[in-house]
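Engineer: The sequence shown runs contiguously to residue 403 in this note's numbering.
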Amino acid sequence: MSAHPVPTHPVATPAASTRRVFINDLVLDCLIGVHRHERDGSQRVRINLDLTVLESPEPIDDRLSNVLCYEDLIVKVRHLATSGHVNLVETLAERLAALCLGEPGVQTVKVRVEKLDVFADAASVGIEIARSI
Numbered sequence: 271m272s273a274h275p276v277p278t279h280p281v282a283t284p285a286a287s288t289r290r291v292f293i294n295d296l297v298l299d300c301l302i303g304v305h306r307h308e309r310d311g312s313q314r315v316r317i318n319l320d321l322t323v324l325e326s327p328e329p330i331d332d333r334l335s336n337v338l339c340y341e342d343l344i345v346k347v348r349h350l351a352t353s354g355h356v357n358l359v360e361t362l363a364e365r366l367a368a369l370c371l372g373e374p375g376v377q378t379v380k381v382r383v384e385k386l387d388v389f390a391d392a393a394s395v396g397i398e399i400a401r402s403i
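(1) Drop a sphere of 10 angstroms on the beta-carbon of R468, count the other beta-carbons inside from all chains shown, and report buried for 16 or more, exposed for fewer.
(2) Identify whether L350 lies in helix, strand or coil by the three-state DSSP scheme.
(3) With distances taken Cα to Cα, identify the nearest neighbour of E373 among C300, Y340 and D310.
(4) Can you name, in chain order, every residue of its own chain whose Cβ lies under 7 Å from the Cβ of L371, other than the five neighbours on each side?
(5) By DSSP's criteria, I293 is part of a beta bridge. Which residues make up the other side?
(6) Going straight from the alpha carbon of R365 to that of V356, what length do you get?
(7) Counting Cβ pairs, one atom from each stretch, are 3 or more of them under 8 Å apart for the stretch 315-333 and the stretch 288-305?
(8) With DSSP collapsed to three states, give me the class of S402.
(9) Which residues in the same chain as H279 place their Cβ atom closer than 8 Å to its Cβ, once the five residues preceding and following it in sequence are excluded?
(10) Taking 6 Å as the limit between beta carbons, can you name the residues of its chain near D351, skipping five residues before and five after?
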């Protein structure tokens with residue numbers, strides 16, 4: 271035992287590291303809308319997703335299994351967005367947010383859903399939401 275006490279210092283805990291995973295300008299034909307003419311056929315919808323994902327303390331090791339796979343996510347998004355009719359872009363956005371937040375490590379998501387062919391004089395109309403766990 272030492273005659274002099276050893277000073278102790280609090281160990282700094284770094285803030286959790288995150289990465290952003292995004293899908294930009296995914297255009298799908300969706301059955302969406304409340305109006306009669308919107309129920310008779312599909313409409314082009316543009317989807318943008320921006321996810322904040324916690325990084326694992328383990329190294330990535332250049333292995334797809336160690337990260338969120340955006341290809342798998344796109345497959346799930348396509349399936350969700352094109353499976354049946356939905357009335358509102360808000361509903362579709364909420365469902366997409368819930369899907370993303372169900373993925374491992376996802377902490378936050380920003381979802382933008384736009385209908386592209388509603389008005390001749392507007393490139394798009396839609397909404398953007400942000401959700402977190």
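The beta-carbon is built from N, C-alpha and C at its ideal position, and this holds for glycine as well.
Structural biologist: This is what the structure holds:
(1) Since the first residue of the chain shown is 271 and the last is 403, residue 468 is not available in this structure.
(2) Within the sequence shown, numbered from 1, the residue matching residue 350 stands at position 80. L350: helix per DSSP, three-state reduction.
(3) The residue you call residue 373 lines up with position 103 of the sequence shown. Taking only the C-alpha atoms, the option nearest E373 is Y340.
(4) Against the sequence shown, residue 371 aligns to sequence position 101. Only V379, R401 and I403 meet the Cβ criterion.
(5) In the sequence shown, residue 293 corresponds to position 23, counting from 1. L319, per the DSSP bridge assignment.
(6) The count along the sequence shown starts at 1 and reaches residue 365 at position 95. The count along the sequence shown starts at 1 and reaches residue 356 at position 86. Cα to Cα, R365 sits roughly 10 Å from V356.
(7) yes
(8) Indexing the sequence shown from 1 puts residue 402 at position 132. S402 falls in the strand class under three-state DSSP.
(9) Counting from one through the sequence shown, the residue named residue 279 turns up at place 9. A caution first: H279 carries a pLDDT of 42, below 50, which makes its placement in the model unreliable, though a value can still be read off. The answer is none, since no qualifying residue turns up.
(10) Residue 351 sits at position 81 when you count from the first residue of the sequence shown. Going by the sequence as given, residue 351 is Ala instead of Asp. Counting only Cβ-Cβ distances below 6 Å, and skipping sequence neighbours, we find L298 and C300.
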